[in-house]
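Here's the structure, in structure tokens; my notes come after.
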Amino acid sequence: MSSSKRSIGEEAQTPKRPKIEAKLPARYGRATPVVDRKSVFHGLYLPVTTQNDAKAALNALKPLRAELQADHCMRAWRIKSEIGSGYNVDWDDDGELHGGKKLAESLRSSLIEGMFVCMRQYGGTMLGPVRFNHIVDSCRAAHAKYRAETTARLRRVALARAKTIALLEKSGIADLSLPSDDHSLEQLIASRDAQIARLRST
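Position one of the sequence shown corresponds to residue 427 (the numbering used here), numbered consecutively onward.
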């Protein structure tokens with residue numbers, strides 16, 4: 427007669443899900459809120475590239491939602507698939523029916539990669555279909571702001587790179603190697619500017 431008992435170590439264990447930390451991208455876009463009849467729509471664009479990044483950003487936004495006392499936090503992301511050449515698109519209405527879906531449709535139609543988040547503070551008056559315009563427009567404005575700030579930053583970095591190379595060439599320094607990534611170059615430029623400021627103050 428076979429025994430139904432299991433020895434120690436044979437118990438089936440449910441694998442633990444990895445904990446998603448709270449972390450925002452280094453840079454993201456946040457638009458000026460849209461206000462309509464006391465309802466306020468706060469749009470954000472976050473340039474996330476993985477679903478874990480998206481979830482980490484959402485965790486990091488929880489304090490902001492609490493601060494704003496937002497009734498809804500709609501979101502949608504469009505992220506390159508790790509398999510094949512397509513995109514993973516997902517959304518969450520968070521109680522604002524079709525709100526997240528509208529954001530997903532906007533990402534898809536505009537070929538935008540990343541995540542839209544719209545936090546709404548309900549003002550007590552039902553707005554009807556126009557609320558979808560506010561939801562989408564606030565996030566698109568956040569994306570436009572992110573693009574404008576990124577373009578300006580890259581121009582500054584390119585100009586600083588060109589000036590630094592010109593100075594090195596003028597000084598006769600053979601090694602013109604500079605950091606290839608923008609973040610490291612910005613740190614180098616900031617350090618150089620700080621040194622110049624200290625010299626001027628002495």
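Quick reminder that beta carbons are idealized off the backbone N, C-alpha and C, glycines included.
If we ignore side chains and look at the alpha-carbon of each, how far apart do residue i and residue j end up?
i: Arg463; j: Arg546; result: 12 Å
i: Val562; j: Lys527; result: 10 Å
i: Arg504; j: Leu585; result: 32 Å
i: Val460; j: Leu472; result: 18 Å
i: Glu508; j: Gly540; result: 14 Å
i: Asn478; j: Leu553; result: 34 Å
i: Lys506; j: Thr551; result: 38 Å
i: Ala457; j: Leu529; result: 15 Å
i: Arg453; j: Leu494; result: 20 Å
i: Ala588; j: Ser536; result: 33 Å
i: Tyr548; j: His560; result: 13 Å
i: Gly510; j: Pro489; result: 36 Å
Relative to the C-alpha of residue i, which residue among the options is closest?
i: Asn514; options: Asp520, Leu523, Gly525 and Ala502; result: Ala502
i: Leu533; options: Asn478, Arg491, Gly550 and Ala570; result: Ala570
i: Ser465; options: Asp497, Leu490 and Thr475; result: Asp497
i: His468; options: Ser617, Ala480, Gly510 and Cys565; result: Cys565
i: Val556; options: Val543, Leu470, Gly510 and Gly525; result: Gly525
i: Thr475; options: Pro451, Pro489 and Leu494; result: Pro451
i: Val543; options: Ala567, Val583 and Glu575; result: Ala567
Which of the three DSSP states, helix, strand or coil, is assigned to residue i?
i: Gly550; result: coil
i: Ala588; result: helix
i: Arg463; result: coil
i: Ile538; result: coil
i: Gly521; result: coil
i: Arg572; result: Looking at the sequence shown, residue 572 is not Arg but Tyr. Reduced to three states, the DSSP call for Tyr572 is helix.
i: Gly510; result: coil
i: Ser617; result: helix
i: Asp479; result: helix
i: Leu487; result: coil
i: Leu602; result: Residue placement at Leu602 cannot be trusted, given a pLDDT of 49 that sits under 50; what the coordinates show is reported in the next sentence. It is coil, neither helix nor strand.
i: Asp497; result: coil
i: Arg456; result: strand
i: Leu529; result: helix
i: Leu450; result: coil
i: Val474; result: coil
Excluding sequence positions up to five away, which residues of its chain have a Cβ less than 7 Å from the Cβ of residue i?
i: Arg491; result: Cys499 and Met545
i: Arg573; result: none
i: Glu487; result: Looking at the sequence shown, residue 487 is not Glu but Leu. These residues qualify, in order along the chain: Val543.
i: Ile538; result: Arg504 and His569
Closer than 8 Å by C-beta to residue i: which residues in its own chain qualify, once you throw out the five before and the five after it? Chain order, please.
i: Trp517; result: Met500, Arg501, Ala502, Trp503, Gly526, Lys527, Leu529 and Ala530
i: Ser617; result: none
i: Phe558; result: His524, Gly525 and Lys528
i: Glu575; result: Arg453 and Gly455
Quick one: what's got a C-beta closer than 6 Å to residue i's C-beta in the same chain, skipping five residues either side?
i: Gly512; result: none
i: Ala480; result: Val474, Trp503 and Met541
i: Gly455; result: Tyr471, Ala568, His569, Lys571 and Tyr572
Exercise. Okay, do the stretch 516-523 and the stretch 575-584 touch, 3+ Cβ pairs below 8 Å being the bar?
Worked result: no
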